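K.L.:
Before we start, here is the structure in question, set down as C-alpha cells.
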Amino acid sequence: MRHFALTQLLLECLPLRPIPAFPFPEFTRTAVLVAGDLMLDRYWSGATTRISPEAPVPVVQVTQIEERPGGAANVARNLAALGVRTTVVGVTGADDAADRLAELLTAAGITARFCRRAEVPTITKLRVMSQHQQLLRLDFEQSLAPVGDDPLPALVTQLLADADLLLLSDYAKGTLADPQPLIAAARARSIPVLIDPKGRDFTRYRGATLLTPNLHELECIVGVCGDDAILIDKSQRLRKELNLTALLVTLGERGMLLLAQDAAPLHLPTQAREVFDVTGAGDTVIATLAAALAAGVALADACALANDAAGLAVGKLGTATVSAAELKQAAGSTEWPTILTAESLEMAVAAAQARGERVVMTNGCFDLLHAGHVAYLQQARQLGDRLVVAVNDDASVRRLKGIERPINSLAQRMAVLAGLAAVDWLCAFSEDTPEQLICRVKPDVLVKGGDYQIAQIAGADCVRAQGGEVRILDFVSGCSTSQIIGTIRDV
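So in this note's numbering, the last one in the sequence shown is 1469, and the numbering has no gaps at all.
Laid out in C-alpha cells, this is it:
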C-alpha cells in the first residue's frame, strides 16, 4: 500500500462527524430503485479442529447454513434496513436460487422484479466460515449480459415513476453492460443516478449524477495517483469528462474523497472502529448515500452519513446492514475535538461550511489570558457559528515578543483557550504570521483586534478573494499581557 501525502492527511485526522446541523433524515418517506447484478450469498459455518488427511486443508464441521441477498440485492437490503421503500431489478436464472433470493428480499420488505433467464444460473457465492473467519469462497456464475433485446430499460423506465432516485450497482456481471438507457431514462425525469462502477470503461456511466469508485478502480481508469494533488487533479478531470455532478472516491481505512461540481475537494477520514469484515461495506456506503440524497440531505452531509455507515458495517460479519437507529446514534455520537492539526482543521471548517455554518477565525499569542482576551473572543464568536483561534507556537512567540516569552507554554495556552465557551477549534502555527494557515482554512470571517488597517492583517487578501469578510474589533482598554507582566515585576 502506498503511503503518500493523502494517506498521512487522512490518518492524522480524528473522525469527521460533527453533531449534525440538520435533522436526521426521514428515510421512510423516500423511494429508491436499485438495478444491477443480483446475487445470493450463502454462508456455511462450523468449527475447525483438525486438518484433512486427504490434503493440507482444515476440515470444517458445518453446523450452520445462512443465506443473504448479495450484490445489488445487498444494496437493496441496506436501503430497506434504513427504512427506505426499495425496489430492486436485475437478471437471475430460472432456478431455486432465484426463488430463494426472492423470498429473502420479500421478507426484508423489498419489492423484487427479476428478469429470469433459463440459460444462466443465478449468481451464487458460497463462503465457508470458521470462528468468524472466511476460509474459502466458491462462485457459481455466468455472464448476465443480454442476448438479443434487453428487457431491463423498459422495466426500469416503468418503475421510475415511483422512485426518488435510481441506484445502479454494477458488479461487472453483465446486467449493466449498457447503462446509458437507464441513465437517460432517469435524467429525463430529473431523477438522480448514483452508480457503484466496475471495469476499465467509465465512459459507460457518462451523465450520471455521482460515481463511487474505490481508489484501485479509479487508478485503473486514470492511472496511478502518486500523491493527493495528482489524485484530486485526475479525479476532477474525470468528473468533468464524464459530465458527473460529483465523484466520491472511497479509500478503505483512509476514508473518502468527495469531488463535487462548484465545491472544494472534501476529505472524510475513516471512522475509528475495529475492522472485522469488509464484505459488502461498499454496498452500505452507496445505499446510505442514496438514501440520504433521496431524503434531501446535502451532498457533503450525505457523504458523511455514508462514512459513518461504512464504519459500522466493517465491524460486522459478512454482508451486514446498518439500521437507521445505529446510524443516527453514530452520526450524533462524536464531535471534532477542540485542538486540531492544520489538516483536520481544514476538513472541519469545510464540513461546517458545507452545512451552511459561518466560520470566524482569529489569531494571537494569548500568553496570559485576561478579561480583554475573553471579551474579544466572545465578540468574535458572535459574528458566526464557529470560532477558530490560531495560536502562535512558542518559537514564534519568542521571535515576536522576546526571549523571555511566552510565560506559558503552547500546551498550557491551548488548554486554557479550549476551556472558553466561545472557542470551537484551536490550531497552532509556527510561522511569524498565520497567513498560510488562514489561506488554507478559508474562513468566512477573519477577525483581528486593535488599531490595524485591513491591508495590514495577515491572510486578509485570501479571505476577501474568496468572498469572505475581514473585521477589526476593539480591545478592552487597560488589559494587556505586557501590562500584567509589568505589574507583577513591580510588586
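Ideal placement from N, C-alpha and C gives every residue a C-beta, glycine not left out.
As the structure is a computational prediction, the values presented were derived from the model and not from experiment.
Touch check for the stretch 1031-1042 and the stretch 1166-1176: three-plus C-beta pairs under 8 Å?
P.N.:
no
K.L.:
Check whether the stretch 1128-1144 touches the stretch 1046-1054, counting contact only when three or more Cβ pairs, one atom from each stretch, lie closer than 8 Å.
P.N.:
no
K.L.:
If you follow the alpha helix (DSSP H) that Pro1131 is part of, which residue opens it and which one closes it?
P.N.:
Segment Leu1130 to Leu1137, the alpha helix (DSSP H) holding Pro1131.
K.L.:
Taking the Cβ atom as the reference point for each residue, do Arg1449 and Leu1361 lie within a distance shorter than 8 Å?
P.N.:
yes
K.L.:
Exposed or buried, His1245, counting other C-beta atoms within 10 Å across all chains shown (16 or more means buried)?
P.N.:
buried
K.L.:
Between Gln1414, Leu1451, Pro1421 and Tyr1354, which lies nearest to Ala1436 when the distance is taken from Cα to Cα?
P.N.:
Gln1414
K.L.:
Return the chain-ordered list of same chain residues with a C-beta closer than 6 Å to the C-beta of Asn1488, the five sequence neighbours on each side being excluded.
P.N.:
Residue numbering for the chain in the displayed model covers 979 to 1469; residue 1488 lies beyond these limits and cannot be assessed.
K.L.:
Taking the beta carbon of Glu1004 as the centre, do at least 16 other beta carbons fall within 10 Å, making it buried, or is it exposed?
P.N.:
exposed
K.L.:
Given Asp1073, which residues of its chain have a CB within under 8 Å of its CB, disregarding the five upstream and five downstream residues?
P.N.:
Within its own chain, the residues whose Cβ lies closer than 8 Å to the Cβ of Asp1073, once the five positions on either side in sequence are excluded, are Pro1099 and Thr1100, listed in chain order.
K.L.:
Given that a residue counts as buried once 16 or more other Cβ atoms are within 10 Å of its Cβ, and exposed if not, what is Tyr1021?
P.N.:
buried
K.L.:
Taking the alpha-carbon positions, what's the Leu1057 to Ile1029 distance?
P.N.:
41 Å
K.L.:
Out of curiosity, what's the CA-to-CA distance linking Gly1014 and Ala1280?
P.N.:
22 Å
K.L.:
Using CA atoms only, rank isn't needed, just tell me which of Asp1205, Ala1162 and Val1202 is closest to Arg1184.
P.N.:
Ala1162
K.L.:
Are the beta-carbon atoms of Leu1196 and Val1171 separated by less than 8 Å?
P.N.:
no
K.L.:
Our contact map puts Val1012 next to Ser1147 with C-beta atoms below 8 Å; I'd like the distance itself, whole angstroms only.
P.N.:
That pair is a contact at about 6 Å.
K.L.:
Is Gln1158 helix, strand or coil when you go by DSSP?
P.N.:
helix
K.L.:
Buried or exposed: Gln1444, going by 16 or more other Cβ atoms within 10 Å of its Cβ?
P.N.:
exposed
K.L.:
Just to confirm my understanding: we take Leu1237, look at its own chain, exclude 5 residues before and 5 after, and list those with CB closer than 6 Å. What are they?
P.N.:
Spatial neighbours of Leu1237 in its own chain (CB-CB distance under 6 Å, excluding positions within 5 residues in sequence) are listed in chain order as Ser1213, Gln1214, Arg1217, Leu1225 and Pro1243.
K.L.:
Would you call the stretch 1116-1132 and the stretch 1152-1162 touching, i.e. three or more CB-CB distances under 8 Å?
P.N.:
yes
K.L.:
How should Leu1365 be labelled, buried or exposed, when 16 other C-beta atoms within 10 angstroms of its C-beta is the threshold for buried?
P.N.:
buried
K.L.:
Taking Cβ to Cβ, would you say Ala1494 is nearer than 8 Å to Asp1142?
P.N.:
Since the displayed the chain opens at 979 and closes at 1469, residue 1494 lies outside it and no answer follows.
K.L.:
On the three-state DSSP scale, how would you describe Arg1167?
P.N.:
If DSSP states are grouped into helix, strand and coil, Arg1167 belongs with coil.
K.L.:
Going by CA-CA distance only, name the one from Arg1063, Pro1047, Thr1027 and Arg1336 that's closest to Leu1018.
P.N.:
Pro1047
K.L.:
Do Val1263 and Thr1190 have their CB atoms nearer than 8 Å?
P.N.:
yes
K.L.:
Leaving aside the five residues before and after Leu1079 along the sequence, list all residues of the same chain whose C-beta is less than 7 Å from its C-beta, in chain order.
P.N.:
Leu1016, Leu1018, Pro1047, Ala1051, Thr1070 and Thr1100
K.L.:
Got a sec? Which residues, its chain only, sit under 7 Å from Ala1320 by beta carbon, not counting five neighbours each side?
P.N.:
Cys1405, Leu1415 and Arg1418
K.L.:
Note down the Cα distance separating Ile1089 from Leu1160, rounded to an integer number of angstroms.
P.N.:
Inspection of the sequence shows that residue 1089 is occupied by Thr rather than by Ile. Across the structure, Thr1089 and Leu1160 are spaced so that their CA atoms are roughly 19 Å apart.
K.L.:
Do Arg1091 and Leu1104 have their C-beta atoms within less than 8 Å of each other?
P.N.:
no
K.L.:
What's the call for Ala1186, buried or exposed, on a 16-neighbour Cβ count within 10 Å?
P.N.:
In summary, Ala1186 is buried, with 16 or more beta-carbon neighbours lying within 10 Å of its beta-carbon over all protein chains present.
K.L.:
Terminal residues of the continuous beta strand (DSSP E) containing His1351?
P.N.:
In the DSSP annotation of this structure, His1351 is not part of any beta strand (DSSP E); the continuous alpha helix (DSSP H) holding it starts and ends at Ala1349 to Arg1359.
K.L.:
Measure how close the beta-carbons of Glu1045 and Leu1083 come, nearest whole angstrom, since I'm counting them as under 8 Å.
P.N.:
Actually they are not in contact, since the Cβ atoms of Glu1045 and Leu1083 sit about 11 Å apart, beyond 8 Å.
K.L.:
Pick helix, strand or coil for Ser1301, following the three-state DSSP scheme.
P.N.:
coil
K.L.:
Relative to the C-alpha of Glu1231, which candidate in Ala1268, Thr1266 and Gly1260 has its C-alpha closest?
P.N.:
Gly1260
K.L.:
Can you list the alpha helix (DSSP H) stretches of 4 or more residues lying completely in the stretch 1380-1432, in chain order?
P.N.:
Considered as a whole, the stretch 1380-1432 harbours 1388-1396 and 1413-1419 as its complete alpha helix (DSSP H) runs of no fewer than 4 residues, in chain order.
K.L.:
Among Ala1085, Phe1118, Ala1059 and Leu1130, which has the Cα closest to the Cα of Arg1094?
P.N.:
Leu1130
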